[in-house]
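> The structure's right below; bear with me while I get my questions together.
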Amino acid sequence: MTASKKILLVDDDRFMLELTARALEKEGFFCHKALSALEGLEILAQSLPDIILSDYDMPGLNGFDFRQRVLSDPKLKNIPFVFLTSFTDEDLMIKGLDLQAVDYITKNTPLAVIVSKLNNLLSTVREEHQRSLQELRKTAEALNLRSVPVKAPVIGGVKIDFLHHPFQNYPGGDFIDFIVVDNSFTFCILGDVMGKKWGAWFFSFNFLSYIRSAVRLCVFEGDLSTASILRKINKVIYLDPVLSDVFSTVSLIRIEHATGNILYSGAGDLPLIRYRADLDETSRLTSSGLLLGLFPDGKYDEAGVTMSKGDKLIMISDGMIDYEDEVGKKSDFQLFYNSVLPVIGQENAFERIKAATFAENTEKVQVDDCSMIFFEIK
Amino acid sequence: MIQVKELGDYVVASLKLKEANLTEAERFKKELMEVIDQGHKKIIVDFEQVMYVDSSFLGALVSSLKYAMTLGSDIAVVHLNKDIFNLFQLIRMDKVFHIYKTLP
Chain A
288 MTASKKILLV
298 DDDRFMLELT
308 ARALEKEGFF
318 CHKALSALEG
328 LEILAQSLPD
338 IILSDYDMPG
348 LNGFDFRQRV
358 LSDPKLKNIP
368 FVFLTSFTDE
378 DLMIKGLDLQ
388 AVDYITKNTP
398 LAVIVSKLNN
408 LLSTVREEHQ
418 RSLQELRKTA
428 EALNLRSVPV
438 KAPVIGGVKI
448 DFLHHPFQNY
458 PGGDFIDFIV
468 VDNSFTFCIL
478 GDVMGKKWGA
488 WFFSFNFLSY
498 IRSAVRLCVF
508 EGDLSTASIL
518 RKINKVIYLD
528 PVLSDVFSTV
538 SLIRIEHATG
548 NILYSGAGDL
558 PLIRYRADLD
568 ETSRLTSSGL
578 LLGLFPDGKY
588 DEAGVTMSKG
598 DKLIMISDGM
608 IDYEDEVGKK
618 SDFQLFYNSV
628 LPVIGQENAF
638 ERIKAATFAE
648 NTEKVQVDDC
658 SMIFFEIK
Chain B
10 MIQVKELGDY
20 VVASLKLKEA
30 NLTEAERFKK
40 ELMEVIDQGH
50 KKIIVDFEQV
60 MYVDSSFLGA
70 LVSSLKYAMT
80 LGSDIAVVHL
90 NKDIFNLFQL
100 IRMDKVFHIY
110 KTLP
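Laid out in structure tokens, this is it:
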């Protein structure tokens, strides 16, 4: 899918506004049109464009005032801003008004040139942005900060696959980990720190560290119960002032290597989807546990599942059930479940589920981090 | 973002939003905390206009509840649409917040 190109056009000249909008729409831009700076600000309060093109000379709030208002709002100030000016206006602005506009376009510029200039600007901004993200990611990797492993562990009788799509390429709040204990058990963790992008990503490391140490400590003490691991994690997180305001869901399962049998506990997570090969039957596996860090007692329970050859299990984060259609955004677990139903019993079910759901359609419908872990008994 | 109205022994905080997401979460939390700070014992957040809630916004709601509880207050929700109601049930938010179908 091509990247979105939302533009806000502000011009008191209705004719110019429509003309520019039409030329831009032909080039795939989605235009919001405002006949005054005030109208523009109203639109900005509702929806954030990728770029703003504003006339300078307007009655009431002029382009200069508009720019200053935009600059004073932290949510808006980084949106690339282009002025449409006449020559005299440009002189005025160059005289030291610090408007931090990305560019100026003079009014007699042919429309085709304006469109290509805006296109170029947007791709430059995007490339720059991707480069900075890349740098940050490299730094995080160099520090060994990973909230998702590179690959799944290989266990004798169980095939494990997972997918993780960050939201708009930002690192996000989903985290995944596999902890192999004494070659006899593997603990699989899928969590989702509530929030998006950097904030959630940062806290996902705190949660992961707690979970990793809780698993290890419980194992040392001979306690292999997933519910008691979650109880311990919850107690610590509840008391940690750094995390007092941050919450996370977690699905935790323990796989016994010898049998493939599973023990599951959840904290505010979505149901797991279980497939039984002998009955060709799909069902939900639910838990009663609450979000980590919310109450001193999170009511964690555990469910044991006997697994046989061909049985499958799916864990997902909420990004997998969020999607966007013409009407707007939605969260719909049942829709995901229904799209999994026809393919989960088949060969290469993981690949088929990816194809059948929107998991692979990243930016088009994705509105949050998407993660899924898939287990199959060989 | 929220419109506050006192009704008998509780306060209704109506969300003036179609999409309750990350961008709105911080401001919502700030405004709701102001209502909590006024000492109301029961606050009902009205989702009538809300079509979609993301996890950041839910986080803000949950964190407001945690704050309210330290002051002996409670937060409930009302008028969840079908999708949001299902989501609340799926992730056990219905055990955290009292969900009203209509205002009591």
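Chains A and B supply the protein sequences, listed in that same order.
According to the working numbering, numbering within the first sequence proceeds without interruption in unit steps and concludes at 665.
According to the working numbering, numbering within the second sequence proceeds without interruption in unit steps and concludes at 113.
Note that beta-carbon positions come from the ideal geometry of N, C-alpha and C, so glycine has one too.
Taking C-beta pairs closer than 8 Å, name the residues in chain A that residue 28 (chain B) reaches, listed in chain order.
Within 8 Å Cβ-Cβ: 615, 616.
> Over the uninterrupted beta strand (DSSP E) stretch that includes residue 659 (chain A), give me the two end residues.
First-last of the beta strand (DSSP E) with residue 659 (chain A): 657-664.
> Taking the straight line between their C-alpha atoms, what separation do you get for residue 95 (chain B) and residue 366 (chain A)?
If I take the Cα positions, the gap works out to 36 Å.
> Using a threshold of 7 Å, state whether the C-beta atoms of residue 27 (chain B) and residue 78 (chain B) are closer than that.
No, they are not a contact pair.
> Nearest chain B C-beta to residue 337 (chain A) closer than 7 Å, yes or no?
Chain B, which has no Cβ nearer than 7 Å to the Cβ of residue 337 (chain A), makes this no.
> Report the option in A:537, A:360, A:330, A:444 whose CA atom is closest to the CA atom of residue 101 (chain B).
Nearest of A:537, A:360, A:330, A:444 to residue 101 (chain B), Cα basis: A:537.
> Classify residue 302 (chain A) as buried or exposed, calling it buried when 16 or more other Cβ atoms lie within 10 Å of its own Cβ.
Classification for residue 302 (chain A): exposed.
> What are the boundary residues of the alpha helix (DSSP H) that residue 37 (chain B) is part of?
Counting along the chain, the alpha helix (DSSP H) containing residue 37 (chain B) begins and ends at 31-46.
> Using a beta-carbon distance cut-off of less than 9 Å, what residues from the region 43-69 of chain B approach chain A?
Taking 9 Å as the Cβ-Cβ cut-off against chain A, the residues of the region 43-69 of chain B that qualify are 60, 61, 62, 63, 64, 65, 66, 67, 68, 69.
> Quick one: which chain A residues come within Cβ less than 7 Å of residue 104 (chain B)?
The answer, in chain order, is 577.
> Rounded to whole angstroms, what's the CA-CA distance from residue 236 (chain A) to residue 402 (chain A)? Just pull it up for me.
Look at the range of chain A in this structure, 288 to 665, and you will see that residue 236 (chain A) is not part of it.
> Does DSSP put residue 631 (chain A) in a helix, a strand or coil?
Of the three classes helix, strand and coil, the one that applies to residue 631 (chain A) here is helix, per DSSP.
> Would a check of beta-carbon distances place residue 96 (chain B) closer than 7 Å to chain E?
Among the protein chains in the structure shown, which are A and B, there is no chain E.
> Run through the region 421-472 of chain A for me and flag every whole beta strand (DSSP E) of 3 or more residues, listed as ranges in chain order.
Correct list: 445-452, 461-468.
> With a Cβ-Cβ cutoff of 7 Å, do residue 11 (chain B) and residue 22 (chain B) count as a contact?
Taking 7 Å as the Cβ cut-off, residue 11 (chain B) and residue 22 (chain B) qualify as a contacting pair.
> Which residues, in order along the region 524-553 of chain A, keep a beta-carbon less than 8 Å from a beta-carbon of chain B?
Cβ contacts with chain B come from 531, 532, 533, 534, 536.
> Starting from the C-beta of residue 38 (chain B), find all residues in its chain whose C-beta is less than 6 Å away, skip the five residues before and the five after it, and write them out in chain order.
These residues qualify, in order along the chain: 69, 73.
> Using a beta-carbon distance below 7 Å, is residue 605 (chain A) in contact with chain B?
It does: the Cβ of residue 605 (chain A) has a partner Cβ on chain B nearer than 7 Å.
> What are the boundary residues of the alpha helix (DSSP H) that residue 602 (chain A) is part of?
Residue 602 (chain A) -> not in any alpha helix (DSSP H); beta strand (DSSP E) instead, spanning 599-603.
> Using a beta-carbon distance cut-off of less than 9 Å, what residues from the region 467-487 of chain A approach chain B?
Per Cβ criterion, the list reads 479, 480, 481, 482, 483, 484, 486, 487.
> Give me the Cα-Cα distance between residue 453 (chain A) and residue 609 (chain A), rounded to the nearest whole angstrom.
Their backbone Cα atoms lie some 13 Å apart in a straight line.
> Taking one C-beta from the region 564-580 of chain A and one from the region 633-641 of chain A each time, how about it: are there three or more such pairs within less than 8 Å?
At 8 Å Cβ cutoff, the stretches do not touch.
> Counting only Cβ pairs nearer than 8 Å, list the residues of chain B close to residue 572 (chain A).
Neighbours of residue 572 (chain A) on chain B: none; closest Cβ ~12 Å, over 8 Å.
> Since residue 110 (chain B) meets chain A, which of its residues come closer than 7 Å, beta carbon to beta carbon?
Neighbours of residue 110 (chain B) on chain A: none; closest Cβ ~19 Å, over 7 Å.
> Using 8 Å for Cβ pairs, my map puts residue 279 (chain A) next to residue 579 (chain A). What's the rounded Cβ distance?
Look at the range of chain A in this structure, 288 to 665, and you will see that residue 279 (chain A) is not part of it.
> Within a Cβ cutoff of 8 Å, which residues of the same chain sit near residue 411 (chain A), ignoring the five residues on either side of it in sequence?
For residue 411 (chain A), where only same-chain residues beyond five positions count, there are no Cβ hits under 8 Å.
> From what residue to what residue does the beta strand (DSSP E) around residue 317 (chain A) run?
Start and end: 317-321.
> Indicate the three-state DSSP secondary structure (helix, strand or coil) for residue 624 (chain A) in the structure shown.
Residue state, collapsed to three classes: helix.
> Can you tell me where the beta strand (DSSP E) holding residue 100 (chain B) begins and where it ends?
Per DSSP, residue 100 (chain B) belongs to no beta strand (DSSP E) and is neither H nor E.
> With DSSP collapsed to three states, give me the class of residue 250 (chain A).
Any question about residue 250 (chain A) goes unanswered here, given that chain A covers just 288 to 665.
> Going by beta-carbon coordinates alone, are residue 552 (chain A) and residue 508 (chain A) separated by less than 7 Å?
No, Cβ-Cβ distance for residue 552 (chain A) and residue 508 (chain A) is not below 7 Å.
> Among B:113, B:99, B:67, which one has its Cα closest to the Cα of residue 556 (chain A)?
Per the Cα distances, B:99.
> Closest to residue 331 (chain A) by CA distance: which of A:368, A:619, A:345 is it?
Ranking the options by Cα distance to residue 331 (chain A), first place goes to A:368.
> Assess contact between the region 464-478 of chain A and the region 528-543 of chain A, defined as three or more Cβ pairs (one per stretch) separated by less than 8 Å. Is contact present?
Touching, yes.
> Counting along the chain, where does the alpha helix (DSSP H) carrying residue 329 (chain A) start and finish?
Here the alpha helix (DSSP H) through residue 329 (chain A) covers 324-333.
> Given that a residue counts as buried once 16 or more other Cβ atoms are within 10 Å of its Cβ, and exposed if not, what is residue 311 (chain A)?
Buried.
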